[in-house]
Amino acid sequence: MGNMDISLKEMMAIDGAVGAAVVDYNSGMALGVVGGSKDLDLQVAAAGNTEVVRAKMRTMESLGIKDGIEDILITLTNQYHLIRPVSGRGGKGLFLYLALDRNRANLALARHNLRGTEEKLEI
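Residue numbers (full-length UniProt numbering): 1 to 123.
What follows is the structure, encoded as structure tokens:
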């Protein structure tokens, strides 16, 4: 089993996870997905969230902010969507995307676990 498959399984093991993806934000393509539902098309979510990541990076550049993005949180009525750019050498241009059921998820623990997954990911 490849490292990406292991990472996707780890992401889905996070309490409340409903879908996970590893996404290339240069192309908007999901390199791997697991989970999702008829209401959560992970391919569409990957492409749409690519625009979120790109917009934030452009804004930070315009403002002269040199910090890296740790994660981006989108809070919906019934879900949390976490976007975590991969910072390791082999992961430049990638981000982890995790959709959580808001009623079942512990956001702080999910962020902690996602950071651990990101640190171990090798592409």
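In this text, a Cβ means the ideal position worked out from N, Cα and C, and glycines have one as well.
It should be emphasised that the depicted structure is a prediction, and the values quoted were computed from it without experimental measurement.
Counting only the same chain and skipping the five closest in sequence on each side, list residues whose C-beta sits under 8 Å from that of V52. I72, I74 and I83
Excluding five sequence neighbours on each side, which residues of the same chain lie with their C-beta closer than 8 Å to the C-beta of S87? G68 and E118
Three-state secondary structure (DSSP) at S62? helix
Residue environment, S37, which counts as buried when at least 16 other CB atoms sit within 10 Å: exposed
Quick one: give me the first and last residue of the beta strand (DSSP E) that G93 is part of. From DSSP, G93 is part of no beta strand (DSSP E); its letter is neither H nor E.
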